[in-house]
Amino acid sequence: MSASVLSPSATPELHTSRETPRVYGIAAEFSSTADIYHAAEQVRDAGFKRWDVHSPFPIHGMDDAMGLGRSRVSLIALCAALTGTTIGFVLETYPSIIEYPLVVHGKPVNLFTIPAFFPVIFELTILCCAFGSVFGMLALNRLPRWNHPLFNWDRFARVTDDLFVLAIEADDPKFQETRTAELLQKVGGKNITLIYE
Amino acid sequence: MAETALSPSPAAAPQFDPALVEQVAKKPLVLHGHDYHWITEKICTIVEEKTPAWWWRAFIPAALLAIMVPIGFGYLILTGVGVWGSNMPVAWAWDITNFVFWIGIGHAGTLISAILFLTRQKWRTSINRASEAMTIFAVICAGLFPALHVGRVWMAWFLAPVPNSNAIWQNFRSPLLWDVFAVSTYFTVSLLFWYVGLIPDLASVRDRATTKVRRFLYGLLSLGWRGANRHWRNYEMAYLILAGISTPLVLSVHTIVSFDFATSVIPGWHTTIFPPYFVAGAIFGGFAMVLTLMLPARYLYGLQDLITMRHIDVMAKIIILTGSIVGYAYIMEFFIAWYSQNPYEKWVFLRNRVADPFIFGPLFGVPPAPYWWAYWAMMSCNVISPQVFWSRKMRSNLWVVFTVSMFVNAGMWFERFVIICTSLHRDFLPGSWGMFYPSWVDIWTFAGTHGLFLALFLLFCRVAPVIAISEVKGVLPEADPHYGHGDHAEHDAQPEPTNPSPTLKAAH
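Chains D and V are the protein sequences, given in the same order. Mapping the first sequence onto my numbering, position 144 (from 1) lands on 144, and the numbers just tick up by one. Remember, my numbering sits 1000 above the position in the second sequence when you count from 1.
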């Protein structure tokens, strides 16, 4: 780490959130999307893997700045949608063609009546896709979750208001308490805080 | 910022008249350059403050009106469907009219939340939450009618795809069964969409909570949301997918509702124009209801900086667009009835609908249609009244906008009444002709659903953020990380006059 840091003190002062032994990570505040965007790019380039950016709304382009790929929710949604299509097809054709063909108005009951089955197949496709994307999203996000170490930090409550937070987890292989704090300060973080579990 | 393109200074574009530039320049979506915190504060306060007196004054009558729904339906269930005015030949009457009316209203909410999301209409962020809530409440009101119209409600489970005691399954080739799937899917997906949108905002309320109970309840509802970008990434993808599937869904729902009519052989129903015409009508009527709800809410909660005149202007334009599509459909139906030379079709349109005692009856030399007043109420409310929106002045007069919305609400109810009753009351055999008169139970219950709808909406205003906080923050100019750098910055809004540098937003 170069010594030419923005602040006069080389080692930033560390606030702590609670007197418990295990460290969850280090968090820093930012006040604008531009600041945290550039900070995220530098943290990404420093090679960190287990870290995250917390913001009141999704920041455009942040996935690239963090070096994240495409979300896998779409894959789950596709599988769920295809399941729905299958359910709809079987649900309609099995009773109507095989199990108990119901002759209405003397009309045919064979598989060629499939256009009449499309609406229900379509609706079930949509329904399952919606369930897949919502519950898939929650599962990938490991939500719902009752608590999180970051909530121990009182400043973190403002992240759903107007604060931007970058948190690096202690589990990250490159994590070192002082050097990570220095990095966060170098990239412009304020109020750098050690978060305990 | 110096490089900002849409600089209001006349020196930047001396060849243009500044007044003209002002006219064409997009107005900001959030007025007065408010920051993130202002938005949180403004919207969460609505949930957190002491219940205002006007709320009780609105809620108590609405709740009393809502109580009429269980009474009306209770009386129906205990006595039998005979207490409704529905009878041969008009066996589908007010109940199905009300069903289509309410379900149509819901469609504007989905249009705003899904279609406008896909087409990147950022102005939707201020109104999508309330419109989605409106969708859900409207679908609740809608679903009651067909469920009760089955007659013996304890047999309503026959609608579900399970074989009955004779091992007979439902007729999956029937549009009525499609409708069951369409409406229940629509309700479920609308609810999911609404809830997913609510999660980050419920977390905002949670993080500001001052009481333990509120912290617990909103903590439970917000699922432990912490605004992590790794979460937002999945969240935005899920939201995009929901928008992507809701768009064909909303079109399919009203298409299938129209199939209930269009696949029958009744003249006046058996029409291929029905699906697009029903969808346009649904969006038309739904936007009128959005305006009916949002104009008072905007005033009472002081949301003028979030739901700006630009929003109202755009909604008025959508009303005139969809109203014109509906008007085109009315005229095209009439033309096709003549062009087809089908005597029954011609009869329905001319002698059951259009022929009034004053102009068209004498003109075509036919006696007036028994329901001519309903047809012309529909025509004047839906086609003629929105034409005032061609004028910018009228679009910016809130009283005019509100009045036209009320006309459209009424007109869209009349449209369904005209389609259902005028087609049924006199069809092929003159021997089976008859008139429909609503009973007091019909009127009582329908009035009650308005109370139910309003009471649910008022409750929603008290417990959930009425405006999508995180989405509105996302459309502020400074939410773009490249804002003020001159590279691909979004100049959706004029630069803020007071606080041009995003870095100054810090310090609290």
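All C-beta atoms in this analysis are idealised placements derived from N, C-alpha and C, irrespective of residue type, glycine included. As the structure is a prediction and not an experimental result, all values here were calculated from the model.
Close-in-space but distant-in-sequence residues of the same chain around residue i (CB under 7 angstroms, 5 per side omitted)
| i | result |
| --- | --- |
| Arg-1298 of chain V | Gln-1304, Ile-1307 |
| Phe-1261 of chain V | Trp-1269, Phe-1274, Ile-1419 |
| Val-1388 of chain V | Met-1394, Val-1400, Val-1404 |
| Leu-1223 of chain V | Ile-1199 |
| Ala-77 of chain D | Cys-129, Gly-132, Ser-133, Gly-136 |
| Arg-72 of chain D | Leu-140 |
Residue i at chain D interface by Cβ criterion, 9 angstroms
| i | result |
| --- | --- |
| Met-1088 of chain V | no |
| Lys-1473 of chain V | yes |
| Asn-1234 of chain V | yes |
| Ser-1204 of chain V | yes |
| Leu-1198 of chain V | no |
| His-1231 of chain V | yes |
| Phe-1334 of chain V | no |
| Gly-1109 of chain V | no |
| Leu-1116 of chain V | no |
| Asp-1260 of chain V | no |
| Met-1134 of chain V | no |
| Asp-1480 of chain V | yes |
| Asp-1487 of chain V | Any reading at Asp-1487 of chain V needs caution, since the residue's pLDDT is 45, under 50, leaving its predicted position unreliable; the model's value is listed next. So no, Asp-1487 of chain V is outside the interface. |
| Ser-1252 of chain V | yes |
| Phe-1402 of chain V | no |
| Thr-1185 of chain V | yes |
For residue j and residue i, the rounded distance between their alpha carbons
| i | j | result |
| --- | --- | --- |
| Tyr-1186 of chain V | Ala-1142 of chain V | 12 angstroms |
| Val-198 of chain D | Ala-167 of chain D | Missing from the structure shown is residue 198 of chain D; chain D here goes from 1 to 197 and no further. |
| Cys-1421 of chain V | Phe-1436 of chain V | 7 angstroms |
| Gly-1365 of chain V | Asn-1352 of chain V | 14 angstroms |
| Pro-1368 of chain V | Arg-1426 of chain V | 13 angstroms |
| Leu-1452 of chain V | Asp-64 of chain D | 47 angstroms |
| Trp-1373 of chain V | Asp-1356 of chain V | 7 angstroms |
| Gly-1227 of chain V | Pro-56 of chain D | 6 angstroms |
| Asn-141 of chain D | Glu-1236 of chain V | 12 angstroms |
| Ile-1105 of chain V | Arg-1124 of chain V | 17 angstroms |
| Tyr-1218 of chain V | Pro-108 of chain D | 55 angstroms |
| Asn-191 of chain D | Leu-14 of chain D | 8 angstroms |
| Phe-1407 of chain V | Val-1314 of chain V | 18 angstroms |
| Thr-1135 of chain V | Arg-22 of chain D | 48 angstroms |
| Tyr-1277 of chain V | Ala-1329 of chain V | 6 angstroms |
| Phe-1515 of chain V | Ile-1283 of chain V | This structure cannot speak to residue 1515 of chain V, because chain V is shown only from 1001 to 1508. |
| His-1168 of chain V | Ser-1174 of chain V | In the sequence as presented, His is not what sits at residue 1168 of chain V; that position holds Ile. Distance between the alpha carbons of Ile-1168 of chain V and Ser-1174 of chain V is about 14 angstroms. |
| Leu-102 of chain D | Phe-1145 of chain V | 27 angstroms |
Contacting residues, own chain, Cβ-Cβ under 6 angstroms from residue i (five flanking each side not counted)
| i | result |
| --- | --- |
| His-1438 of chain V | First, the residue type needs correcting, since residue 1438 of chain V is Pro and not His in the sequence shown. Cβ neighbours of Pro-1438 of chain V beyond the five flanking positions: Gly-1085, Trp-1094. |
| Glu-1132 of chain V | Gly-1109, Ser-1113, Trp-1194 |
| Gly-88 of chain D | Val-120, Ile-121, Leu-124 |
| Leu-1456 of chain V | Phe-1137 |
Beta-carbon separation (whole angstroms), residue i vs residue j, contact threshold 8 angstroms
| i | j | result |
| --- | --- | --- |
| His-60 of chain D | Pro-1481 of chain V | 7 angstroms |
| Asn-1098 of chain V | Thr-1449 of chain V | 7 angstroms |
| Val-1290 of chain V | Leu-1242 of chain V | At roughly 20 angstroms, the Cβ-Cβ gap does not stay under 8 angstroms, so Val-1290 of chain V and Leu-1242 of chain V are not in contact. |
| Pro-119 of chain D | Ala-1182 of chain V | 7 angstroms |
| Val-1069 of chain V | Thr-1445 of chain V | 6 angstroms |
| Gly-1072 of chain V | Val-1441 of chain V | 6 angstroms |
| Phe-1172 of chain V | Glu-99 of chain D | Rounded, the Cβ-Cβ distance is 12 angstroms, inconsistent with contact. |
Below-9 angstroms beta-carbon distance, residue i vs any chain V residue
| i | result |
| --- | --- |
| Pro-144 of chain D | yes |
| Val-159 of chain D | yes |
| Arg-44 of chain D | no |
| Ala-28 of chain D | no |
| Arg-70 of chain D | yes |
| Tyr-196 of chain D | no |
| Val-23 of chain D | no |
| Gly-67 of chain D | no |
| Lys-186 of chain D | no |
| Phe-175 of chain D | no |
| Lys-107 of chain D | yes |
| Phe-112 of chain D | no |
| Val-90 of chain D | no |
| Cys-129 of chain D | yes |
| Glu-123 of chain D | yes |
Residues of its chain near residue i, where Cβ-Cβ distance is below 8 angstroms and the 5 sequence neighbours each way are ignored
| i | result |
| --- | --- |
| Asp-1487 of chain V | Caution applies to Asp-1487 of chain V, whose pLDDT of 45 falls short of 50 and renders its modelled position unreliable; the value that the coordinates give is listed next. Around Asp-1487 of chain V: no qualifying Cβ. |
| Pro-1465 of chain V | Ile-1043, Cys-1044, Ile-1046, Val-1047, Arg-1129, Leu-1198, Asp-1201, Leu-1202, Ser-1204, Val-1205 |
**OP:** Starting from the N-terminal side, write out each stretch of the beta strand (DSSP E) that is 3 residues or longer and does not extend beyond the region 103-175 of chain D.
**Re:** Look at the region 103-175 of chain D and you find these whole runs of beta strand (DSSP E), each 3 residues long or longer: 164-169.
Subject >> beta strand (DSSP E) runs wholly inside the region 1408-1485 of chain V, at least 3 long, in chain order >> reply: List check, beta strand (DSSP E) in window: nothing returned.
Original post:
Residue ranges of each beta strand (DSSP E) run of no fewer than 3 residues wholly in the region 1305-1377 of chain V, ordered along the chain?
Top reply: As far as the region 1305-1377 of chain V is concerned, it has no whole beta strand (DSSP E) run of at least 3 residues.
Original post:
Could you give the uninterrupted runs of the beta strand (DSSP E) lying entirely in the region 1221-1283 of chain V, keeping only those of 3 residues or more?
Top reply: Scanning the region 1221-1283 of chain V for uninterrupted beta strand (DSSP E) segments of 3 residues or longer gives nothing; none is fully contained.
Original post:
Residue ranges of each alpha helix (DSSP H) run of no fewer than 4 residues wholly in the region 37-91 of chain D, ordered along the chain?
Top reply: Unbroken alpha helix (DSSP H) runs of no fewer than 4 residues, entirely contained in the region 37-91 of chain D, are found at 62-66, following chain order.
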